[in-house]
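Student: There's a structure below that I have some questions on.
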Amino acid sequence: MNKNIRAKMAYKYLVCAIILAGAAACDKEGFNYSNEVETSGTEYIVTDTITMNASTVYLDSVPTSNQGVVLVGTTVDPYFGTISSSSYFKLKAVTTSTNIADEAVYDSLVLMIHPKTTYYGDTTKPQHFVVYKVTDYIEKNFGTSYYYSGMSFATDPTPVGSIQIAHIRPTLDSVYDIKIDDAIGKDLFNRVYNKLPSVTNQDQFTEWFPGLCIKPGANSQVINSLRADDSLSLRLYYHVSGNTYDWKSVDFPMYDASSQFNHVDFTRPSGSPLAGLTPNSDLSTNKVLAENANNVTYVQPLTNVVTRIDFPYLKQFNQTAKFWKIMRATLTVKPVRATYLYPFELPAKLTLVSLNAGNSVTDSITNPSTGAVQTGNLVTDYVYNTGTEYTYDITNYVINQIGATDATTRGLGLMTPGSTGLSNFDRLVLGGPNHNVNPIEFKIYYLLYK
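So the sequence shown is numbered by the numbering used here: it starts at 41 and just counts up by one.
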């Protein structure tokens with residue numbers, strides 16, 4: 041009888057244990073990103089079939105002021121067209137302590153320019169700079185903090201100076217003097233000699249002499265970069281007569297770096313898909329899909345174009361299974377081979393950012409491990425040009441976008457870094473998702489609970 045009682049009790053305990061185990065199984069939660077996941081009962085999967093839409097989008101406003109560089113010249117790019125750049129800047133007044141002796145005689149007036157090491161185009165081609173006096177007051181638009189690439193100010197129709205250079209060697213520390221009209225030089229000389237407020241008071245000087253603009257001349261065939269600091273200076277030469285000539289000079293250096301800016305003009309190649317991108321259009325629709333542009337996209341911020349990538353069905357990744365966890369996501373973009381032959385080079389850095397529906401940058405995509413802004417870690421394939429690529433870890437971006445609302449949904453933008461991309465003409469032609477040689481690659485690595 042005792043044996044029967046013990047058997048019945050054991051049976052009851054066994055039934056309870058089974059019920060509890062079943063209840064625990066029913067209450068099991070999906071993966072939490074802080075959980076430790078065991079490999080038993082899971083499958084590690086890589087998918088690269090998620091739909092991507094790649095396009096070239098138009099940026100309506102590109103700030104070019106306070107970049108520390110004067111960009112002047114014209115070049116022809118087979119992919120981006122005929123591009124020209126001019127630069128506007130103000131000059132600094134002299135101080136009241138500037139003295140010119142009674143015996144002084146005016147000699148000349150020159151604009152001194154110092155080349156930097158960056159350029160756009162073939163540096164063996166000739167350069168032609170033309171200098172104009174600005175007649176409008178150089179000022180920002182109301183409510184803005186910058187001058188933009190599309191802005192310009194009126195100048196005298198007749199240039200006040202010019203120079204033609206066989207070719208500028210950007211690696212050399214050189215200086216070029218552009219001879220300025222003597223009528224301006226003599227006027228400046230007399231005003232400085234007489235200590236007139238129009239040259240000793242900054243506001244009055246700027247009102248009388250708003251600034252200068254350097255434009256490319258008809259023979260310009262390359263865009264050069266020049267220093268935009270106090271080395272960019274209008275220098276007045278004179279001498280004091282006596283037993284020997286005593287040579288003197290007075291400088292009017294560039295003033296207010298925040299008001300120096302570069303104006304950019306461009307005409308796209310005939311038949312180019314970029315020709316359909318125009319200013320003053322709806323930014324959310326002012327784009328060209330890669331599939332309508334020979335499966336390529338373009339990047340050149342100074343001519344208003346960057347690449348945008350969207351994942352329209354990424355939110356449906358939630359339907360993959362009941363329990364899953366993303367471990368890693370990567371994006372690899374590849375420049376189209378033969379688009380970066382001399383004199384055109386690939387930028388060393390390509391920044392990945394998030395874009396809203398209006399193509400405004402909302403954030404930079406940082407490395408999940410270090411928090412640093414990602415710039416692609418460029419790898420160059422010098423042999424076949426098929427392995428040249430920029431790669432990004434977009435794990436956090438993917439996780440956030442899977443759960444994003446319409447208001448927080450973001451696309452990805454590829455552009456050259458702000459520290460360089462707005463101070464030179466870095467450019468890329470990238471393969472789209474369906475490019476047959478250099479396609480964009482998007483991969484998600486995830487754990488799937490069986």
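Note that the Cβ used here is the ideal one computed from N, Cα and C, for glycine as well.
(1) So within the region 343-369, which uninterrupted alpha helix (DSSP H) runs reach at least 4 residues, ignoring any that extend past its ends?
(2) In three-state DSSP terms, what is residue 247?
(3) Could you check how far apart the C-beta atoms of residue 401 and residue 392 are, in whole angstroms? I think they sit under 8 Å.
(4) Could you check where the beta strand (DSSP E) with residue 274 kicks off and where it finishes?
(5) Would you kindly work out how many angstroms separate the C-alpha atoms of residue 317 and residue 489, rounded to a whole number?
(6) Where residue 113 and residue 125 are concerned, what is the direct C-alpha to C-alpha distance, given to the nearest angstrom?
(7) Give the straight-line distance between the Cα atoms of residue 66 and residue 438, rounded to the nearest whole angstrom.
(8) Excluding sequence positions up to five away, which residues of its chain have a Cβ less than 8 Å from the Cβ of residue 61?
(9) Residue 190 and residue 341 look like a contact to me (Cβ under 8 Å); what is the Cβ gap, rounded to whole Å?
(10) Is the CB-CB distance between residue 229 and residue 278 below 8 Å?
(11) Sort out for me which residues DSSP pairs residue 167 with in a bridge.
(12) With DSSP as the reference, identify every bridge partner of residue 429, one or two as the case may be.
(13) Are the beta-carbon atoms of residue 252 and residue 376 separated by less than 8 Å?
(14) Would you list the one or two residues that DSSP bridges to residue 176?
(15) Which first and last residues belong to the alpha helix (DSSP H) in which residue 120 is found?
(16) Are the beta-carbon atoms of residue 232 and residue 140 separated by less than 8 Å?
(17) Can you tell me whether residue 385 is buried or exposed? The criterion is at least 16 other CB atoms within 10 Å of its CB, across all chains shown.
(18) Could you tell me whether any non-hydrogen atom of the ligand MG is closer than 7 Å to the CB of residue 488?
(19) If we count the other Cβ atoms within 10 Å of its Cβ and call it buried at 16 or more, is residue 53 buried or exposed?
(20) Determine the extent of the beta strand (DSSP E) in which residue 85 is found, giving its start and end residues.
(21) Do you know offhand how far residue 195's Cα is from residue 334's?
(22) Hey, residue 281 and residue 158 are a contact pair by Cβ (cut 8 Å); roughly how many whole angstroms apart?
(23) Identify whether residue 503 lies in helix, strand or coil by the three-state DSSP scheme.
(24) Out of 87, 304, 337 and 214, point me to the one whose CA is closest to residue 454's CA.
(25) From residue 407 to residue 414, what does the alpha carbon distance come to, in whole angstroms?
(26) Could you give the distance in angstroms between the alpha-carbon of residue 368 and the alpha-carbon of residue 442?
(27) Look at residue 171 and residue 202 and say whether their C-beta atoms are less than 8 Å apart.
(28) Among residues of its own chain, excluding the 5 on either side of residue 121, which ones have a beta-carbon nearer than 6 Å to its beta-carbon?
(29) Once the 5 residues before and after residue 436 are set aside, which same chain residues still bring their CB inside 7 Å of it?
(30) Can at least three beta-carbon pairs, one atom from the region 140-153 and one from the region 83-100, be found at a separation below 8 Å?
(31) With the cut-off set at 8 Å, would you say residue 205 and residue 149 are in Cβ contact?
(32) Here's the rule I'm using: 16 or more other beta-carbon atoms within 10 Å means buried, otherwise exposed. How should residue 387 be labelled?
(33) Rounded to whole angstroms, what's the CA-CA distance from residue 217 to residue 339? Just pull it up for me.
(34) If you compare alpha carbons, which of 145, 182 and 270 is closest to residue 153?
(35) Cα separation between residue 259 and residue 161?
(36) Between residue 457 and the rest of its own chain, which residues show a CB-CB distance below 7 Å, the 5 nearest in sequence each way excluded?
Tutor: Taking the structure as given:
(1) none
(2) helix
(3) About 11 Å separates the two Cβ atoms, so there is no contact after all.
(4) 273-280
(5) 46 Å
(6) About 6 Å.
(7) In this prediction, residue 66 scores a pLDDT of 39, lower than 50, which makes its location untrustworthy; the coordinate-derived value is nonetheless stated afterwards. Each residue's alpha carbon lies about 29 Å from the other.
(8) Confidence at residue 61 is low in this model, with a pLDDT of 40, below 50, so its placement is unreliable and the value that follows should be read with caution. Here the set comprises nothing.
(9) So it is not a contact: roughly 13 Å between Cβ atoms.
(10) yes
(11) 205
(12) 419.
(13) Contact annotation: residue 252 and residue 376 have beta-carbon atoms that are not nearer than 8 Å.
(14) Residue 176 is not bridged to any residue.
(15) Residue 120 -> no alpha helix (DSSP H), and no H or E assigned at all.
(16) The Cβ-Cβ distance between residue 232 and residue 140 falls below 8 Å.
(17) By the 10 Å Cβ count, residue 385 comes out exposed.
(18) The model depicted lacks the ligand MG and carries no ligand whatsoever.
(19) Low local confidence applies: a pLDDT of 43 at residue 53 is under 50, so the model's placement there is unreliable, with the coordinate-based value given in what follows. With fewer than 16 other Cβ atoms inside 10 Å of its own Cβ, residue 53 counts as exposed.
(20) 82-87
(21) 41 Å
(22) So it is not a contact: roughly 44 Å between Cβ atoms.
(23) With the chain covering 41 to 490 only, the question about residue 503 has no answer from this structure.
(24) Nearest of 87, 304, 337 and 214 to residue 454, Cα basis: 337.
(25) 6 Å
(26) 14 Å
(27) The answer is yes: Cβ separation under 8 Å.
(28) Answer for residue 121: 306, 307, 308 and 309, listed in chain order.
(29) So the qualifying residues of the chain are 408.
(30) no
(31) no
(32) buried
(33) 35 Å
(34) Taking only the C-alpha atoms, the option nearest residue 153 is 270.
(35) Cα to Cα, residue 259 sits roughly 14 Å from residue 161.
(36) 389, 391 and 415
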